[in-house]
Amino acid sequence: MRSQPISASPGHDAPLSCTASDASGRQIATGSYDATIRIWDPDSAEQLRSIRATSLVNGIVFSPDGLQIASGECDYIAYIREISTGREIRAFRGHEDDVNSVAWSPDGNFLATASFDDTARIWDVSNGECLLRLTNHTDDVNGVHWSPDGKRISTASDDRTVRIWDAHSGEERLVLDDASDWCDHAPFSPDGSRIACSSMEGRARVYDAESGQLLLTLSHHDAAVKAVCWSRDGRRICTASYDHHLREFDAETGRILRKTYYPNMWSRFIDEIGDTGRYLTGSFAGAPVVWDAKRGTRELIEKPTQGLNAAALSSDARWVALSSDNGSTEIVERSNNRRVASLRAHEGAPLVAEFCPSGELLAIGAWDGSVAIHSCDSWELTSHIRGLRDIVCALTFSEDGSELVCATYSGAVLRWNVATGQLLGVLTLHHGSAKALCRGADGTYLSGGRDGTIHRSHADGSVEIFRVANTIINAVALSPDQRVFASASRDHSVRIHDSANGEVLARFEDHPCSIKTVTWSNDGHSIAAGYYDGTIVLWDPESSQSRLLQPKPAHAISQISFLPDGNLLVGSWNPLGRARILDQEGEPIASLGGKPLLSPRRRRAPQPAKASLRS
């Protein structure tokens, strides 16, 4: 497939998951959940090329000569493509899960890949042969980097270690295990003498790359440090944190030199653009974020994306709340697709939305670490809980609507009083992000985390922990009769658990893709699971019968609800910001929502008195 220069509609249609700069700084690249890679001129902001990928793009890197680009994708494959034409030159097959990061050897002859299958691999670029498998990690491998002389490779993993390997023999030479949480990236300094490591625990560390001696700890962050890079001259280190800051440090002393705040950045990767002192990272919009000392922090072009993070259905099925990457939550009357409100109380993208059981309130949790609560009578903002300093991953109300519980990226599951905004306590703490949350039986709450566990939290403060998987639990859902609950994980499995003891009673894993969301039918007889490749599975656990629905076009599923008539309300990361209503054969019946009423960059909701929440 040939790449296309795009002038009429530049920019991605979904958030930017990864970024890269070539060595010269004359071109930068972005990869996205819209399954494209785009090449830009960082000075003119012109989009030079759009290259079609095969699936969601996790990581990208330029070849040393800047003529080709490698990508790691969600179909478990890494690719090399020619930039000028988009032509696929090589595909590297063998990983058993997402390829999360790719790195080109300095001489251009080898490609290193890191995968969620707990391995890193080294490949011969000329023929696609796998030369080495690096297998000592015990959890997801997130980042991989070459030393400047091409003799060593570093890998960073969810097992809380960074490992340095001999790039020719595959022998492990050094293990850095000071981190108390997952490590994402560990690039070498330009002279190869040091290595900088980013960690979810909110700090970066600098080590001697030969001895492993800890030289510096960079601990000025308020959230996970997702990425770290060296300046091209080795004098500075820049970190990218989920507290929405980029920070630049003196590489010798660790003194912070400057920092910038930008609420819309999605900082999984960071790179200096050539040797210009400008830095590049991702965003929830369709263009990269560039930090320039002279021009400030900005998105390269104005391109809000419309992908739906939430398509929440009110208890009476009248209202649908559509929360998009563009920062707005649109309220739509389901029966006639009438838009009744456009809510924007957050600086960052709203990620989750939940109506209370009585239908009186709507809570929206966001990337900026706040929760907005709106009245469903007037859609006015009644309270805005700030101070979390953490990303809100999931929300649920208590049965009587007096309490709100949220799951956060740091792993805390918190409850607070809806009327006052007062923090009532921490229900439990997952090791790593808490991604899934729902009400459980008998006044309990069920939460799932990146640690592969489900916690059942009781009102008396006790917690039961069920070990479920060796990977992220993305969703949990209680059956209507409360006798069982379902979980969905990144290992492609939907599991049915006994509510009494968490025992796994049944399991569906026939579709080879990560699952984002799961929900029960109204009669409790079947389950709908939504996958990142746009597939929906309807599964009856008792009969073991299942059906795969593959709506066209296919977009990663974000949320599914059963409507009273048995049809499905489906939210997905589609470029139009629309939810779809499908019948149980997967055929479209109607669409809801669309582009926002006003530009989300200009409209702001009125701000009531702030309710503080300190965690």
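Taking this note's numbering, I'd label the letters of the sequence shown as residues 34 to 648.
Ideal Cβ placement from N, Cα and C applies to all residues, glycine included.
Just reading off the beta strand (DSSP E) that residue i is part of, what are its end residues?
i, result
"TRP263", "258-263"
"VAL208", "205-209"
"HIS417", "414-419"
"SER83", "80-85"
"GLN101", "101-106"
"VAL94", "90-95"
"GLU432", "Where GLU432 is concerned, there is no enclosing beta strand (DSSP E), given that its DSSP letter is neither H nor E."
"GLY604", "601-605"
"SER231", "227-231"
"GLN246", "Element bounds for GLN246: n/a, residue is neither H nor E."
"VAL517", "517-522"
"ASP595", "The residue asked about is misnamed: residue 595 is Phe in this sequence, not Asp. Segment 590-595, the beta strand (DSSP E) holding PHE595."
"THR477", "Unbroken run through THR477: none, as it is neither H nor E."
"ALA153", "153-157"
"LYS468", "467-472"
"TYR66", "Neither: TYR66 is in no beta strand (DSSP E) and is coded neither H nor E."
"GLY398", "394-399"
If you check the beta carbons only, do residue i and residue j fall under 8 angstroms apart?
i, j, result
"ALA521", "VAL551", "yes"
"CYS107", "SER88", "yes"
"VAL322", "THR330", "yes"
"ALA147", "VAL94", "no"
"SER403", "LEU421", "yes"
"ASP214", "ARG193", "yes"
"LEU341", "SER605", "yes"
"LEU167", "ARG154", "yes"
"LEU346", "SER594", "yes"
"GLY176", "SER134", "yes"
"TRP156", "SER96", "no"
"GLY619", "ILE590", "no"
"ASN600", "GLN583", "no"
"GLY434", "VAL451", "yes"
"VAL90", "TYR109", "no"
"GLU387", "GLY626", "no"
Assign residue i to buried or exposed, taking buried as 16 or more other Cβ atoms, counted over all protein chains shown, within 10 Å of its Cβ.
i, result
"HIS544", "buried"
"PRO38", "Legend: pLDDT at PRO38 = 44, less than 50; position of this residue unreliable, value from coordinates given subsequently. Exposed, since its Cβ has fewer than 16 Cβ neighbours within 10 Å."
"GLN246", "exposed"
"LEU581", "exposed"
"SER187", "buried"
"ALA47", "buried"
"ALA533", "exposed"
"ARG236", "buried"
"THR171", "exposed"
"THR69", "buried"
"THR461", "buried"
"LYS622", "Lys is not the amino acid found at residue 622; the sequence shown has Ile there. Exposed, because fewer than 16 other Cβ atoms sit within 10 Å of the Cβ of ILE622."
Cβ-heavy atom distance between residue i and the ligand COA below 7 angstroms?
i, result
"ALA136", "For the ligand COA, the structure offers nothing, since it holds no ligand at all."
What residues in its chain sit with their C-beta under 6 angstroms from that of residue i, if we drop five residues either side in the sequence?
i, result
"VAL239", "ARG227, ALA229, LEU248 and LEU249"
"SER274", "HIS254, ALA256 and VAL258"
"ARG523", "THR504, ILE505 and SER547"
"GLU380", "PRO296 and ASP401"
"ALA644", "Model confidence at ALA644 stands at a pLDDT of 28, short of 50, so the residue's coordinates are unreliable; what they give is reported in the following sentence. So the list reads SER416, ILE418 and GLY454, once near-sequence residues are dropped."
"ASP349", "GLY392"
"SER180", "PHE221 and GLY225"
"GLU497", "ARG489"
"ARG528", "SER520, VAL537 and ARG540"
"ALA374", "ILE364 and TRP412"
Ordered along the chain, which non-local residues of its own chain (more than five positions away) have a Cβ less than 8 angstroms from that of residue i?
i, result
"LEU290", "ARG269, GLU281, PHE282 and ASP283"
"LYS468", "CYS426, ALA427, ALA440, GLY481, GLY482, ARG483, ILE505, ILE506, ASN507 and ALA508"
"THR415", "LEU394, ILE406, HIS407, SER408 and PRO641"
"LEU279", "CYS271, THR272, ALA273, LYS292, THR293, TYR295, MET298, SER300, ILE303, TYR312, THR314, TRP324 and THR330"
"GLY44", "ARG71, GLN80, ALA318, GLY319, ALA320, ILE334 and LYS336"
"ARG371", "VAL365"
"GLY203", "ILE155, LEU165, ARG166 and LEU167"
"ALA86", "GLY64, ALA68, THR69, ILE70, SER104, GLU106 and TYR112"
Could you name the residues that DSSP lists as bridge partners for residue i?
i, result
"CYS426", "DSSP output for CYS426 lists no bridge partner at all."
"ALA562", "VAL551 and VAL570"
"ALA237", "SER231 and LEU251"
"THR330", "TRP324"
"ALA511", "The residue you asked about is not Ala; residue 511 is Leu in the sequence shown. Paired residues: PHE518."
"PRO621", "LEU615"
To which residues of the same chain is residue i closer than 7 angstroms at the C-beta, ignoring the five residues directly before and after it?
i, result
"CYS649", "Since the first residue shown for the chain is 34 and the last is 648, residue 649 is missing from the structure and cannot be characterised."
"ASP531", "VAL517 and LEU538"
"ILE72", "GLN60, ALA62, LEU81, ARG82 and ILE116"
"ASP211", "ARG238 and LEU247"
"LEU164", "ILE155, TRP156 and ASP157"
Kindly indicate if chain D contains any beta-carbon less than 8 angstroms away from that of residue i.
i, result
"PRO597", "The structure shown has no chain D; it contains just one protein chain."
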